[in-house]
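Quick notes on the structure that follows.
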Amino acid sequence: MIIAKNVPELRAYLAQRRAGKRLAFVPTMGNLHAGHLKLIEVARRLADMVVVSIYVNPLQFGANEDLDSYPRTPVEDCTALEAQGVELLFMPGDKEMSPRGRAAQTFVEVPVLSDVLCGASRPGHFRGVATVVNRLFNLVQPDLALFGKKDYQQLLVIRLMVSDLGMPVEIVGVDTVRESDGLAMSSRNNYLSPQERQAAPRLYAVLGAVRERILKERVSPADAEPEARVALEAAGFRPDYVSVRRRDDLGVPAPADKQLVVLAAAWLGRTRLIDNLEIDL
Ligand code: PAF
Numbered sequence: 016m017i018i019a020k021n022v023p024e025l026r027a028y029l030a031q032r033r034a035g036k037r038l039a040f041v042p043t044m045g046n047l048h049a050g051h052l053k054l055i056e057v058a059r060r061l062a063d064m065v066v067v068s069i070y071v072n073p074l075q076f077g078a079n080e081d082l083d084s085y086p087r088t089p090v091e092d093c094t095a096l097e098a099q100g101v102e103l104l105f106m107p108g109d110k111e112m113s114p115r116g117r118a119a120q121t122f123v124e125v126p127v128l129s130d131v132l133c134g135a136s137r138p139g140h141f142r143g144v145a146t147v148v149n150r151l152f153n154l155v156q157p158d159l160a161l162f163g164k165k166d167y168q169q170l171l172v173i174r175l176m177v178s179d180l181g182m183p184v185e186i187v188g189v190d191t192v193r194e195s196d197g198l199a200m201s202s203r204n205n206y207l208s209p210q211e212r213q214a215a216p217r218l219y220a221v222l223g224a225v226r227e228r229i230l231k232e233r234v235s236p237a238d239a240e241p242e243a244r245v246a247l248e249a250a251g252f253r254p255d256y257v258s259v260r261r262r263d264d265l266g267v268p269a270p271a272d273k274q275l276v277v278l279a280a281a282w283l284g285r286t287r288l289i290d291n292l293e294i295d296l
């Protein structure tokens, strides 16, 4: 596997080796787990060449968030990517990604969708994500790019950015990979204490209960949401939000809407976990 650490190295490799190949791109922040490996596996099925990036993007972390403590495991990540047959890994530094520095940074903003749910609790987060993904797309020029559905709102923000800016990239959403007890794979699971780790799968269980209440008992989203909050609190979480939304734009659903998703973000101690579950009425 070739590791490109700057833009000229990336461009030189792609100029030499791409030659008409369909290129799939998997952007990551590293600390790779089975969820990332699934993205790569799907990418390999859909394309002739897979490029992965690892960049812990400072633009998407708020001032009091976990940028400094975010897990960084480059040696293990490279071993895992080699084993997956990844051809090219792009591992830029801050200078490659923000050449004129933070103060002079050009941003990409996807309004409205970026301001609700996780965007309401993490102001500027999706602006940071859209900005870095836009630059990565411009550098790698993929035919398709893969994102996990665990970060459901992120997936929709990227889809909107690509559509609004007419970017020639197909965005593929890949199902969440879970531990055997249901907990969605996430680098932030590393922060959980053993006791918190035991409680963590309740998040998925509560989302499952919301889905059952809506599907089988025909409870309205407006009634299911407060019940879910109470259930999360009883399991030791501090819920940020639990919300049933339209799947295509995360708007508040009307009775006629059939394709829904229940999304939640909740704190367990100092760890903020997110998860979601699709609901087909
Ligand atoms: O999902 C992530 O790991 C990040 O938000 C992404 C898409 C790599 C952008 O930094």
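Numbering of the sequence shown is given in this note's numbering, commencing with residue 16 and proceeding in unit increments.
C-beta atoms are modelled at their ideal positions from N, C-alpha and C, and glycine is treated no differently.
Note that the coordinates shown come from a computational prediction; the quantities given were computed from them, not determined experimentally.
Am I right that phenylalanine 40 and valine 147 are in contact with their C-beta atoms under 8 Å? What's the rounded C-beta distance? Cβ-Cβ separation between phenylalanine 40 and valine 147: approximately 13 Å, too far for a contact (criterion under 8 Å).
Spatially closest choice to lysine 164 from Gln120, Ala237 and Asp263, by CA coordinates: If you compare the alpha carbons of Gln120, Ala237 and Asp263 with that of lysine 164, the shortest gap goes to Asp263.
DSSP has phenylalanine 105 in a bridge; who is on the other side? Looking at the DSSP assignment, phenylalanine 105 forms a beta bridge with Ala19 and Ser68.
Suppose contacts are defined by Cβ-Cβ distances below 8 Å. Is glutamate 124 in contact with valine 65 by that definition? Against a cut-off of 8 Å, the Cβ pair of valine 65 and glutamate 124 comes out as no contact.
How would the residue list near the ligand PAF read, in chain order, if you kept each one whose beta-carbon is closer than 6 Å to any heavy atom? After applying the 6 Å Cβ criterion, the set is Pro42, Thr43, Met44, Asn72, Gln75, Val144, Val147, Val148, Asp166 and Gln169.
Taking buried to mean at least 16 other C-beta atoms within 10 Å of its own C-beta, is alanine 119 buried or exposed? Counting the other CB atoms within 10 Å of its CB gives alanine 119 a total below 16, which places it among the exposed residues.
For cysteine 79, does the count of other Cβ atoms within 10 angstroms reach 16, so buried, or fall short, so exposed? In the sequence on display, residue 79 carries asparagine and not cysteine. Counting the other Cβ atoms within 10 Å of the Cβ of asparagine 79 gives fewer than 16, which makes it exposed.
For proline 114, three-class secondary structure by DSSP: Proline 114: coil per DSSP, three-state reduction.
Hey, quick one: how far does the beta strand (DSSP E) through leucine 38 stretch, first residue to last? Taken as a continuous stretch (DSSP letters only), the beta strand (DSSP E) holding leucine 38 covers 38-43.
Alpha-carbon spacing of alanine 239 relative to leucine 288, whole angstroms: Whole-angstrom Cα-Cα distance: 20 Å.
Between which two residues does the alpha helix (DSSP H) containing glutamine 168 stretch? Counting along the chain, glutamine 168 sits inside the alpha helix (DSSP H) bounded by residues 167-179.
If you reduce the DSSP assignment to three classes, tell me which class threonine 88 lands in. DSSP places threonine 88 in the coil class of the three-state scheme, outside both helix and strand.
Return the chain-ordered list of same chain residues with a C-beta closer than 6 Å to the C-beta of alanine 243, the five sequence neighbours on each side being excluded. Counting only Cβ-Cβ distances below 6 Å, and skipping sequence neighbours, we find Val221, Val225 and Val257.
Alpha-carbon to alpha-carbon, glycine 116 and asparagine 149: Roughly 17 Å separates the two Cα atoms.
So for arginine 261, helix, strand or coil by DSSP? Residue state, collapsed to three classes: strand.
Go through its chain and collect everything with a Cβ distance to arginine 32's Cβ below 6 Å, but skip five positions before and after it. None.
Return the first residue and the last residue of the alpha helix (DSSP H) that aspartate 290 is part of. Per DSSP, aspartate 290 lies in no alpha helix (DSSP H); the unbroken beta strand (DSSP E) holding it starts and ends at 286-295.
Is it the case that the Cβ atoms of valine 57 and leucine 96 are separated by a distance below 8 Å? It is not a contact, given that the beta carbons lie outside the stated cut-off.
Quick check on aspartate 130: does DSSP put it in helix, strand or coil? Residue state, collapsed to three classes: helix.
Do alanine 279 and proline 241 have their CB atoms nearer than 8 Å? No. Outside cutoff.
What first and last residue would you give for the beta strand (DSSP E) that runs through glutamate 185? That run of the beta strand (DSSP E) goes 185-189.
CA nearest to the CA of aspartate 109, picked from Arg285, Leu82, Val71 and Ala249: That would be Val71, whose Cα lies nearest to the Cα of aspartate 109.
Buried or exposed: where does glutamine 274 fall if 16 or more other Cβ atoms within 10 Å of its Cβ makes it buried? Exposed, by the Cβ-count rule.
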